[in-house]
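Comments concern the structure below.
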Amino acid sequence: MVEQIAPLLGRTLVLVSHPDDETMAAGALMQRVREPMVVFATDGAPRDRFFWEKFGSRDAYADLRRQEALAAMAIAGVRSVHFLADPADRTRFVDQNLFLWIPEALDKLDVLIAAARPDALLTHAYEGGHPDHDSCSFIGTVLARRHQLPLWEFPLYHRSTDGVIVRQEFMVPVGTEVLLDITLAELEVKKRMLEAHASQSLTLSEFSPAIERFRPMLDYDYSRPPHVGVLNYEAWQWAVTGAQVVGAFQCWQNCRKQEEINSSEPGVRTVA
Numbered sequence: 043m044v045e046q047i048a049p050l051l052g053r054t055l056v057l058v059s060h061p062d063d064e065t066m067a068a069g070a071l072m073q074r075v076r077e078p079m080v081v082f083a084t085d086g087a088p089r090d091r092f093f094w095e096k097f098g099s100r101d102a103y104a105d106l107r108r109q110e111a112l113a114a115m116a117i118a119g120v121r122s123v124h125f126l127a128d129p130a131d132r133t134r135f136v137d138q139n140l141f142l143w144i145p146e147a148l149d150k151l152d153v154l155i156a157a158a159r160p161d162a163l164l165t166h167a168y169e170g171g172h173p174d175h176d177s178c179s180f181i182g183t184v185l186a187r188r189h190q191l192p193l194w195e196f197p198l199y200h201r202s203t204d205g206v207i208v209r210q211e212f213m214v215p216v217g218t219e220v221l222l223d224i225t226l227a228e229l230e231v232k233k234r235m236l237e238a239h240a241s242q243s244l245t246l247s248e249f250s251p252a253i254e255r256f257r258p259m260l261d262y263d264y265s266r267p268p269h270v271g272v273l274n275y276e277a278w279q280w281a282v283t284g285a286q287v288v289g290a291f292q293c294w295q296n297c298r299k300q301e302e303i304n305s306s307e308p309g310v311r312t313v314a
């Protein structure tokens, strides 16, 4: 078991979409990592009033989720914690909208990786459960290639072809999956971390804290949605579709290709 996850036990950057993803997906693993670094890609507070109304405002909800994340990381002893969302600018990196901010996310993460020099990256699987999860998968793939880093993934949830939500299992097992053998001591710490995410207690109760799965990231085709049929967030009727998310991935890739063409042609430059 230790040998299988060895690439993740040194200085690992864990890129997650929202506060609580890190704990549920890798709360036990992070206790074993020598130098864990966690990056939260969104503020965890969707624009839809349904999610934040009982907390008074979207800003208040975002602030609460940030505080909960810091508390959970303190319990795990994670000292390197970063947020792409800036409390002084509430317009960027909003929950459910990460696909709109891919270039900005990559810029911020490039700087962080250059400074922190992690040994490996760990992020979400491409599974169609949440648009931000899929965006992190894409962003992680770009970063791993740029910085020549091992890239690993974890599952959180996806919707099966018969419409059932499947949690903590990879959509397509390929034989490289590792189910972490969590000790009782690690489980107790993880439960305390989960308790720190009090605003998410109802959602987290649907997951098993004793399950953490990992594998080297598959070579996904980001020009297509994760699977044929209705994605989970489409079934929930959120204001974003798989086509929009994939379109954002393709837009970024096309812009990069054009930049490469421009830079290779004498006398052609990109106007800033």
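With my numbering, letter number 138 in the sequence shown gets 180, and the count goes up by one each step, no holes.
For every residue, glycine included, the Cβ atom is placed at its ideal position computed from N, Cα and C.
A Cβ-Cβ separation of about 7 Å places residue 172 in contact with residue 59 under the 8 Å criterion. Burial state of residue 289 is exposed, judged by a 10 Å Cβ sphere holding fewer than 16 other Cβ atoms. Distances from the CA of residue 115 to each of 195, 282, 61, 135 were compared; the closest alpha carbon is that of 61. Between residue 207 and residue 274, the CB-CB gap stays under 8 Å. The continuous alpha helix (DSSP H) containing residue 93 extends over residues 91-94. If you ignore the 5 residues before and after residue 234, its C-beta comes within less than 7 Å of the C-beta of 117, all in its own chain and listed in chain order.
Taking the Cα positions, residue 247 is about 12 Å away from residue 209. Contact between the region 47-55 and the region 91-103 is absent: fewer than three C-beta pairs spanning the two stretches fall below 8 Å. Of the residues assessed, residue 139 falls on the buried side of the cut-off, its CB having 16 or more other CB atoms within 10 angstroms. No Cβ-Cβ contact shorter than 8 Å links residue 54 with residue 232. Under the 10 Å beta carbon count, residue 187 is surrounded by fewer than 16 other beta carbons and is classified as exposed. DSSP links residue 199 through a beta bridge to 209. The shortest CA-to-CA distance from residue 203 to any of 136, 154, 271 is the one to 271. Under DSSP, residue 125 takes part in a beta bridge, and its partners are 82.
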